[in-house]
Amino acid sequence: LLPSAGAPSAGWTPLHIAASAGRDEIVKALIAKGAHVNAVNQNGCTPLHYAIAIMLLENGANPDATDHFESTPLHRAAAKGNLKMVQILVQHNATVDIRDSEGNTPLVCCYLRDQFQSVRVTATLKLVSKPQ
15 LLPSAGAPSA GWTPLHIAAS AGRDEIVKAL IAKGAHVNAV NQNGCTPLHY
65 AIAIMLLENG ANPDATDHFE STPLHRAAAK GNLKMVQILV QHNATVDIRD
115 SEGNTPLVCC YLRDQFQSVR VTATLKLVSK PQ
């Protein structure tokens with residue numbers, strides 16, 4: 015039904031679709047009905063990899079969930095220069111020095127994709143998040 019209506023397939027759950035579309039009211043309803051917040055699609059991505067991070071994190075989503083490339087949501091957010099997502103993930107205890115399948119940390123992903131503003135934010139958040 016969903017693929018025939020133009021929705022992505024390849025293991026995308028209704029929660030993946032709603033999260034990626036920014037439909038927070040639908041995400042809330044799906045979570046209330048017991049949707050699995052750590053469900054993975056064919057690429058190994060959870061709904062958290064795509065959107066609505068705060069709501070998913072507050073409902074038990076794993077901030078360090080990895081895809082088939084061992085990339086976490088923080089790797090993707092950093093590589094895309096998504097500063098808000100980087101901040102949200104770090105505030106919810108995402109591991110800032112986790113490595114992907116190529117051995118890159120989120121900070122390296124920022125640099126490799128020319129996301130210098132994200133590099134500064136990520137580096138600052140890493141320093142701030144260290145216990146004194």
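Take any residue in the sequence shown, count from 1 to its spot, add 14: that is its number in our numbering.
Cβ atoms here follow ideal geometry from the backbone N, Cα and C, with glycine treated the same way.
- Distance between V100 and V110, taken at the CA atoms: about 10 angstroms.
- Taking L62 as reference, the option from A33, A46, D38, L121 with the minimal CA-CA separation is A33.
- Shown here, E39 sits in a helix according to DSSP, grouped into three states.
- The shortest C-alpha to C-alpha distance from A35 to any of G58, A67, V54 is the one to A67.
- Taking 8 angstroms as the cut-off, the Cβ atoms of R127 and A91 do not count as close.
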